[in-house]
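Reminder that position 26 of the sequence shown reads as 26 in UniProt numbering, one-by-one numbering, no gaps.
Built from N, CA and C at the ideal position, the CB exists for glycine as well.
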Amino acid sequence: MNQDRPNTGECRCEEALEHLYEYVDSELPDLDLVRLRAHIDECVTCLQAVSAETELRVVLKRSCAEVAPDALRMRVMTQLSLLRTTTTSD
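Laid out in structure tokens, this is it:
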């Protein structure tokens with residue numbers, strides 16, 4: 001969004017989709033967030049894009065929740081320690 005002046009006009013699809021990730025992450029200034037929210041609430045296309053991004057994040061988060069077994073983590077940590085020791089003694 002333009003940092004030099006606040007944009008108080010209506011939001012268009014191009015702007016909403018350009019700032020989709022910032023919108024979903026709530027990383028926009030309040031005025032811009034309000035403008036985009038007003039547009040998204042009225043625009044089926046942009047609402048679908050927000051919904052798809054939100055759902056994708058839920059699926060990714062669920063998929064990445066797996067934890068490595070303790071034995072594997074210990075082997076990796078041991079190997080990393082050995083590598084650090086080897087590279088610092090050279």
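Exercise. Which class does HIS19 belong to by DSSP, given the choice of helix, strand or coil?
Worked result: Secondary structure of HIS19 (DSSP, three-state): coil.
For this session: Check whether the Cβ atoms of LEU36 and TYR23 sit closer than 7 Å, and answer yes or no.
Result: Yes, they are a contact pair.
Exercise. How long is the line joining the alpha carbons of GLU27 and VAL34, rounded to whole angstroms?
Worked result: When rounded, the separation of the alpha-carbon atoms in GLU27 and VAL34 is 12 Å.
Problem set entry | N- and C-terminal bounds of the alpha helix (DSSP H) containing THR53 | According to the sequence displayed, residue 53 carries Glu and not Thr. Here the alpha helix (DSSP H) through GLU53 covers 44-63.
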